[in-house]
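Below: the structure, in structure tokens.
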Amino acid sequence: MEKSLKGTKTAENLMKAFSGESQARNRYTFYAEKAQQEKQKDIYQVFDETAHNEKYHAERFFRILNQEFKGEQIAVFNAGYPVELGTTLENLEAAAAGEHEENSILYPTWAKEAKEEGFIQIADVFDLVAQVEVKHEQRFKEYAERVKNNEMYKQTGTVQWLCLECGHIHVGLEAPGVCPICQRPQGSFKLLQG
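Rendered as structure tokens:
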């Protein structure tokens with residue numbers, strides 16, 4: 363640790379980041395369950411994987427705080443966290459918006475404040491996490507567009523579709539309604555990229 367975090371804006375921002383990532387993890391777990399209920403296995407996996415990523419972001423922030431604040435409490439002021447649970451499409455859009463706020467406003471601001479307070483390594487962590495959140499946002503937007511445009515299981519050219527249950531690869535314009543091997547529904551297929 364470069365210097366004491368006690369009484370700094372950076373300590374408060376680390377706690378906000380820990381809280382935000384922890385809550386995002388839970389939201390994405392709820393969103394994954396909704397996608398699973400809607401038989402959207404590919405989207406379930408996207409939310410589940412992203413929830414896993416958010417857990418490790420939260421853990422990194424928590425470990426930094428724990429080095430100096432073990433057993434203490436950190437008060438957080440002026441923090442708001444989204445509450446939204448809807449259809450899988452609505453959840454994808456909400457997730458993309460949350461990731462956008464993190465990567466374009468929150469983490470850049472917190473990195474700047476950490477640098478100003480002399481916490482260069484912590485600023486670097488904020489910057490690195492922001493880069494991951496950009497990828498999360500892009501992926502959520504891509505899936506939301508595919509759902510909106512009815513392209514989750516249909517394409518304009520011949521492509522490969524992977525059954526996420528049994529591994530069957532189907533070649534065609536769209537995923538089969540039912541997997542010919544394991545008999546799982548169309549929602550079990552994922553578009554294979556290049």
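If you're matching positions, the sequence shown starts at 363 in the numbering used here and goes up one per residue. Ideal Cβ placement from N, Cα and C applies to all residues, glycine included.
Beta strand (DSSP E) containing V531: first to last residue? According to the sequence displayed, residue 531 carries Ile and not Val. Note, I531: beta strand (DSSP E), 531-536.
Our contact map puts V438 next to K378 with C-beta atoms below 8 Å; I'd like the distance itself, whole angstroms only. 6 Å
State the CB to CB distance for the pair A420 and S384, rounded to an integer number of angstroms; the pair is presumed to be in contact (CB under 8 Å). 5 Å
Counting pairs of Cβ atoms below 8 Å between the stretch 388-396 and the stretch 404-418, do you hit three or more? yes
From S366, L376, K365, L367, pick the residue whose C-alpha is nearest to that of T471; which is it? L376
S366, buried or exposed, once every other Cβ within 10 Å from all chains shown has been counted against 16: Result: exposed.
Going by Cα to Cα distance, which pick from E452, E495, I467, E527 is closest to R508? E452
Over the uninterrupted alpha helix (DSSP H) stretch that includes L427, give me the two end residues. 403-431
Backbone secondary structure at V491 - three-state DSSP: helix
L553: first and last residue of the uninterrupted beta strand (DSSP E) it sits in: 551-553
Where K403 and R546 are concerned, what is the direct C-alpha to C-alpha distance, given to the nearest angstrom? Cα to Cα, the separation comes out at about 10 Å.
Environment of A441 [buried if 16+ CB atoms lie within 10 Å]: exposed
Candidates V494, G382, L526, E475: closest to L553 by CA position: L526
Which whole-angstrom value is the C-beta distance of F488 and L427, which I expect to be below 8 Å? Going by Cβ atoms, the distance from F488 to L427 rounds to 13 Å, so no, they are not a contact pair.
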